[in-house]
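Chemist: Counted from 1, the sequence shown has number 856 at position 42 by our numbering; the numbering is strictly sequential.
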Amino acid sequence: MSKYLAYSFLYDDAADLKCDFEILTDEISSMIGLARSLLDDNDKNAAPELADDLQKINELMYHINPSLRTKVTVTAEELEWLDRKTRDLQTAVEEGLP
């Protein structure tokens, strides 16, 4: 393996899913950022907390990303908030946003 590789973890053992996890969390963060960028003023007026929630979720994803290789920096309270917020957003989508 070359010392010049930008992301040497791509050569991890295929059974080790750390790299897959990191790529997935990067993709989720990108999708959240895209969703947030698509909010217009009408969306922000109808659901003013949505942009803030998406920003917080995005920040948490960036903290979760390296947690399999390094120290976990996300608290239990943050994970509980994320779980609750995810369920709330799923319900809102299923029922139709205001």
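By construction, the Cβ of each residue, glycine as well, lies at the ideal position given by its N, Cα and C atoms. Source: prediction; values computed, not measured.
1. Under a Cβ-count criterion, where at least 16 other Cβ atoms within 10 Å of its own Cβ denotes burial, should Met-845 be classed as buried or exposed?
2. Could you pull out every unbroken beta strand (DSSP E) segment of at least 3 residues lying fully inside the region 832-874, listed in chain order?
3. Using CA coordinates, which residue listed in Leu-893, Glu-836, Leu-903 is at the minimum distance from Thr-884?
4. Counting along the chain, where does the alpha helix (DSSP H) carrying Asp-897 start and finish?
Modeler: Let's see:
1. exposed
2. none
3. Glu-836
4. 890-909
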